[in-house]
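Asks: Take this structure, written in structure tokens, and hold onto it; I'll ask about it next.
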DNA sequence: TATTGTTATACTCTATAACTATA
DNA sequence: TATAGTTATAGAGTATAACAATA
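Protein chains in written order, with our numbering: chain L, 1383 to 1544; chain P, 1383 to 1544.
Here's what the structure looks like:
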């Protein structure tokens, strides 16, 4: 206990063989949970993902919405909410943002004057494509330590959990 | 608040014919990303994880802090911040909460009057143990579709990404 | 009555910055 | 000067609830 309060010196990485390894934290029971490994890995990947989209002015939510709209022309906001697994009220803000940037348009639906048909603009499709390329590089970077077949195995196992 | 100009944005291709009424949403290029599978799986597991701790009055952040304190008696708030990968200011709130519930105590460090030595109370250790049991059940439930060796493979692959 | 989009509001989580008291 | 803890504040992201227009 009291051996733990050894003052941590600026040497951040040097000497880790002393008795109390100042700063070393035991993950304890956490390391026995697969969910813990999953969270750590997800967080690692996610922060690199966020960084990889930053230069395009996209955040995870805006990218997801944009790419779904590109791949599902004339989708409604309610459908988009379901696809993103968020509330409709949240979709309004995202769609406002994408529309302000002229990446998508709200079009009227012939036959239902309540709903909007969302459609990407040319600029929206181009930005989506640039984002996809950035994400491919991000995945190559982040999954580079796994072979192709290991990546396939991972994808398979992940899919089987859901 | 947001600009609500519903002006029609120009698109190069204009064809407002069929609206997809099937309700089926094409994940499109998203399904080609391993990160997308990872996010979906993580979200699924995470929400079951949150639910599995709710009856104990624990949230992911408070559980993580508690279990790390149990496994690292006399850890400081700064060390805890590093372990949780959040800022020190955020740790204050979590530690306040755990201390208010008398699950941990802030103890003085002989030799450094700036720092606290965090230590779980008996109630804190018991609650942690109950949470661990709840999480084991949660993992059995959520990973039940994978064999033991598949779970080991998954853990291995996840660890190799980081 | 139900659904679509919208607004207002609030809550959680986290970050930044400034501060104090120590070191 | 640097570190530990604290406070105030702000920004995402998301949720709930109520509402108007439309079905």
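Built from N, CA and C at the ideal position, the CB exists for glycine as well. As the structure is a computational prediction, the values presented were derived from the model and not from experiment.
Would you report the Cα separation of residue 1487/P and residue 1481/P, rounded to the nearest angstrom?
Replies: If you take the alpha carbons of residue 1487/P and residue 1481/P, they lie about 6 Å apart.
Asks: Hey, does residue 1403/L have any beta-carbon neighbour from chain P nearer than 8 Å?
Replies: Interpretation of residue 1403/L is limited by its pLDDT of 37, a score under 50 that renders its predicted location unreliable; the figure taken from the coordinates is listed afterwards. It does not; no Cβ of chain P falls within 8 Å.
Asks: Per DSSP, residue 1489/L forms a beta bridge with which residues?
Replies: DSSP, once it has assigned bridges, lists 1499/L as partnering residue 1489/L.
Asks: Is it buried or exposed for residue 1493/P, if we count other Cβ within 10 angstroms and need 16 for buried?
Replies: The residue in question, residue 1493/P, is exposed, as its Cβ has fewer than 16 Cβ neighbours within 10 Å.
Asks: In chain L, what lies closer than 9 Å to residue 1533/P by C-beta?
Replies: What residue 1533/P touches in chain L: 1416 and 1539.
Asks: Answer with buried or exposed for residue 1504/P, where buried requires no fewer than 16 other C-beta atoms within 10 angstroms of its C-beta.
Replies: So residue 1504/P ends up on the exposed side.
Asks: Alpha carbons only, please: which of 1502/L, 1542/L and 1540/L is nearest the one belonging to residue 1484/L?
Replies: Residue 1502/L is the option with its Cα nearest to residue 1484/L.
Asks: Output yes or no for whether 8 Å exceeds the beta carbon distance between residue 1342/P and residue 1533/L.
Replies: Chain P is shown only over 1383 to 1544; residue 1342/P falls outside these bounds and no answer can be derived.
Asks: For residue 1459/L, go through chain P and note every residue whose CB falls closer than 7 Å to its CB, in chain order.
Replies: Those within 7 Å of residue 1459/L in chain P number zero; the least Cβ separation is about 13 Å.
Asks: Under 8 Å, do residue 1522/L and residue 1435/L count as touching if we go by C-beta distance?
Replies: No, Cβ-Cβ distance for residue 1522/L and residue 1435/L is not below 8 Å.
Asks: List the residues of chain L whose Cβ lies closer than 8 Å to the Cβ of residue 1449/P, in chain order.
Replies: What residue 1449/P touches in chain L: 1410, 1411 and 1412.
Asks: What does the Cβ neighbour count give for residue 1437/P, buried or exposed, with the cut at 16 atoms within 10 Å?
Replies: Exposed, because fewer than 16 other Cβ atoms sit within 10 Å of the Cβ of residue 1437/P.
Asks: Going along the chain, which residues of the segment 1486-1509 of chain P sit with their C-beta nearer than 8 Å to a C-beta in chain L?
Replies: The segment 1486-1509 of chain P vs chain L, Cβ under 8 Å: 1491, 1492, 1493, 1494, 1497, 1499 and 1501.
Asks: How should residue 1519/P be labelled, buried or exposed, when 16 other C-beta atoms within 10 angstroms of its C-beta is the threshold for buried?
Replies: Exposed, by the Cβ-count rule.
Asks: Is it buried or exposed, residue 1352/P, if we count other Cβ atoms within 10 angstroms and call 16 or more buried?
Replies: The question about residue 1352/P has no answer, for chain P in this structure spans 1383 to 1544.
Asks: Name the chain L residues whose beta carbon is nearer than 9 Å to that of residue 1482/P?
Replies: Under the 9 Å cutoff, chain L gives no residues; its nearest Cβ is about 23 Å from residue 1482/P.
Asks: Between residue 1527/L and chain P, is any beta-carbon pair separated by less than 8 Å?
Replies: Yes - at least one Cβ of chain P is within 8 Å of the one on residue 1527/L.
Asks: Taking 8 Å as the CB-CB limit, is residue 1444/L close to chain P?
Replies: Chain P contact via Cβ: absent.
Asks: Going along the chain, which residues of its own chain have a beta-carbon closer than 6 Å to the beta-carbon of residue 1524/L, five neighbours each way excluded?
Replies: Cβ within range, chain order: 1427 and 1430.
Asks: Look at residue 1498/P and residue 1458/P and say whether their C-beta atoms are less than 8 Å apart.
Replies: Yes, these two residues count as a Cβ contact at 8 Å.
Asks: Is it the case that the Cβ atoms of residue 1410/P and residue 1453/L are separated by a distance below 8 Å?
Replies: The answer is yes: Cβ separation under 8 Å.
Asks: On the DSSP letters alone, give me the boundaries of the alpha helix (DSSP H) that residue 1431/P sits inside.
Replies: First-last of the alpha helix (DSSP H) with residue 1431/P: 1416-1436.
Asks: Based on DSSP bridge pairs, tell me the residues matched to residue 1494/L.
Replies: Note: residue 1494/L sits in a beta bridge opposite 1491/L.
Asks: Considering only C-alpha positions, which residue in the set 1449/L, 1425/L and 1412/L is nearest to residue 1450/P?
Replies: Per the Cα distances, 1412/L.
Asks: Are residue 1447/P and residue 1466/P closer than 8 Å when you measure CB to CB?
Replies: Closer than 8 Å, so yes.
Asks: Using a cut-off of 9 Å between C-beta atoms, extract the partners of residue 1514/P located in chain L.
Replies: Within chain L, the residues near residue 1514/P are 1411, 1414 and 1415.
Asks: Is the Cβ-Cβ distance between residue 1542/L and residue 1528/P less than 8 Å?
Replies: Yes.
Asks: DSSP has residue 1457/L in a bridge; who is on the other side?
Replies: Answer is 1500/L, bridged to residue 1457/L.
Asks: Can you name, in chain order, every residue of its own chain whose Cβ lies under 8 Å from the Cβ of residue 1432/P, other than the five neighbours on each side?
Replies: Hits under 8 Å: 1441 and 1442.
Asks: Look at the alpha carbon of residue 1537/L and the alpha carbon of residue 1496/P, and state the distance between them as a whole number of angstroms.
Replies: Cα to Cα, the separation comes out at about 48 Å.
Asks: Beta-carbon within less than 8 Å of residue 1463/L's beta-carbon, same chain only, minus the 5 sequence neighbours each way: which residues are those?
Replies: Once the five neighbours on either side are set aside, the close Cβ partners of residue 1463/L are 1469, 1470, 1472 and 1473.
Asks: Quick one: is residue 1470/L near chain P, going by C-beta distance under 8 Å?
Replies: Cβ-Cβ to chain P under 8 Å: no for residue 1470/L.
Asks: Residue 1445/L to residue 1515/L, Cα distance in whole Å?
Replies: Straight-line Cα distance between these residues: approximately 13 Å.
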